[in-house]
Amino acid sequence: MTKRKTEAAPQAETQKRPAEARPGDPRHVAIIMDGNGRWARTKGWMRVKGHEEGARAVRETTEACAQMGIEQLTLYAFSTENWRRPKHEVAFLMGLLERYLIDERPTIMRNNVRLTTIGHPEGLPESCQRELRETLAMSAENRGVNLCLALNYGARQEIVDATRRIAQQVRRAEIEPEDITEETIRKALYQPTMRDPDLLIRTAGEMRISNFLLWQISYSELWVTAVHWPEFRREHLEAAIADYRKRERRYGGL
Ligand code: FPP
Numbered sequence: 461m462t463k464r465k466t467e468a469a470p471q472a473e474t475q476k477r478p479a480e481a482r483p484g485d486p487r488h489v490a491i492i493m494d495g496n497g498r499w500a501r502t503k504g505w506m507r508v509k510g511h512e513e514g515a516r517a518v519r520e521t522t523e524a525c526a527q528m529g530i531e532q533l534t535l536y537a538f539s540t541e542n543w544r545r546p547k548h549e550v551a552f553l554m555g556l557l558e559r560y561l562i563d564e565r566p567t568i569m570r571n572n573v574r575l576t577t578i579g580h581p582e583g584l585p586e587s588c589q590r591e592l593r594e595t596l597a598m599s600a601e602n603r604g605v606n607l608c609l610a611l612n613y614g615a616r617q618e619i620v621d622a623t624r625r626i627a628q629q630v631r632r633a634e635i636e637p638e639d640i641t642e643e644t645i646r647k648a649l650y651q652p653t654m655r656d657p658d659l660l661i662r663t664a665g666e667m668r669i670s671n672f673l674l675w676q677i678s679y680s681e682l683w684v685t686a687v688h689w690p691e692f693r694r695e696h697l698e699a700a701i702a703d704y705r706k707r708e709r710r711y712g713g714l
């Protein structure tokens, strides 16, 4: 994998005022990016070509969110279950992520994007972690869209980790078991300050959650499209948001 060091945009560019969303638009959009392999196969290509084109869709969707004033975009980039894929595909995905983290720096800075992660990035290859640390640090002061990459992420693991954290607090007598509330659990999740996704999009047609953000999506609006992730573009995001605007969110009330 060739690595290309890239120059960041000048600081002044990163201090732009964030774009403003329309009232009633989702503030946090989460996406299960599915269908890379199937898309490539329909064209007679190797599955990994689908991942490569998927990275382009990541860039376009991030830019669209930045321009639309969406506060957070959370992308399911690599799940704890994805390690079960053939070795060469996992290696390709890691290389692709590393290249993305280097090549996208100018786009990230130009669009005032703040990169964050959830999951266990410390389980990724060291070279990947190094580029991740650099891009996280470089974008930390940006105030536009928060691009949160779920990396080596599993929602059940997140709940296990949160439970362990709370159990340790109980053992240290910092909290009584009967004082544990939803708020205690939220604070023990990977990103305690993250608001719940308003809209969860899944591409490629499957009606599944696949161990993504199980705690946080309790009241998220779901939008599933048959479009494969490599072909997902701003127009599809706009269609999802247009549909979201028509929904009435009652949170169990009337
Ligand atoms: C699902 O497609 C997608 C993934 C397992 C990985 C998502 C990764 C990308 C979009 C690549 C680039 C991402 C970044 C952040 C650089 P699939 O292969 O499971 O599709 P299939 O169901 O058709 O096999």
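Residues in the sequence shown are numbered from 461 upward in steps of one, following my numbering.
Ideal Cβ positions, reconstructed from N, Cα and C, are used throughout, including at glycine.
Let me know the secondary structure DSSP gives residue i once reduced to three states.
| i | result |
| --- | --- |
| H511 | helix |
| L561 | helix |
| G555 | helix |
| V550 | helix |
| K463 | With a pLDDT of 41 at K463, under the threshold of 50, the modelled position of this residue cannot be trusted; read the value that follows with caution. Three-state result, K463: coil. |
| R662 | strand |
| G504 | coil |
| V586 | Here residue 586 is Glu; the residue named in the question, Val, does not match the sequence. In this structure, E586 counts as helix in the three-state DSSP scheme. |
| V518 | helix |
| N571 | coil |
| Y704 | helix |
| A526 | helix |
| A699 | helix |
| P637 | helix |
| A479 | coil |
Quick one: residues in its chain with C-beta nearer than 8 Å to the C-beta of residue i, no 5 flanking neighbours on either side, listed in chain order?
| i | result |
| --- | --- |
| L596 | L575, T576, T577 |
| M493 | G514, A517, V518, L535, Y536, A537, T663, W689, F692 |
Provide the residue span of the beta strand (DSSP E) that contains residue i, from first to last.
| i | result |
| --- | --- |
| L674 | L674 -> no beta strand (DSSP E), and no H or E assigned at all. |
| R603 | Run containing R603: none; DSSP gives neither H nor E here. |
| I491 | 488-492 |
| A537 | 532-539 |
Give me the residue from the options with the minimum Cα distance to residue i.
| i | options | result |
| --- | --- | --- |
| M569 | E594, L553, F552 | E594 |
| P483 | R710, I619, K706, L714 | K706 |
| S670 | M528, K503, S539, A481 | S539 |
| A551 | P581, R565, C588 | C588 |
| Q651 | A615, P566, A686 | A615 |
| G665 | W499, A633, V489, A481 | W499 |
| M667 | A627, T685, L673, M654 | T685 |
| G497 | R646, R545, L609 | R545 |
| M506 | E549, E643, T521, Q628 | E549 |
| R624 | Y679, A648, I491 | A648 |
| N542 | Q532, G579, L561 | G579 |
| E643 | T522, Q532, Q676 | Q676 |
| E582 | N612, D563, L607 | N612 |
Apart from the five residues just before and just after residue i, which ones in its own chain have a Cβ nearer than 7 Å to its Cβ?
| i | result |
| --- | --- |
| A524 | R694, L697 |
| Y711 | Y679 |
| E558 | M461, S587, C588, E591 |
| P637 | V630 |
| H511 | N496, F552, L553, L556 |
Would you kindly report the start and end of the unbroken alpha helix (DSSP H) that includes residue i?
| i | result |
| --- | --- |
| R574 | No alpha helix (DSSP H) contains R574, which is instead part of the beta strand (DSSP E) from 574-579. |
| Y711 | Unbroken run through Y711: none, as it is neither H nor E. |
| E681 | First-last for E681: 681-684, but that is the beta strand (DSSP E), not the alpha helix (DSSP H). |
| V630 | 615-631 |
| T644 | 642-647 |
Who are the near neighbours of residue i in its chain, counting only those whose CB is closer than 6 Å to its CB and skipping five residues on each side?
| i | result |
| --- | --- |
| G713 | none |
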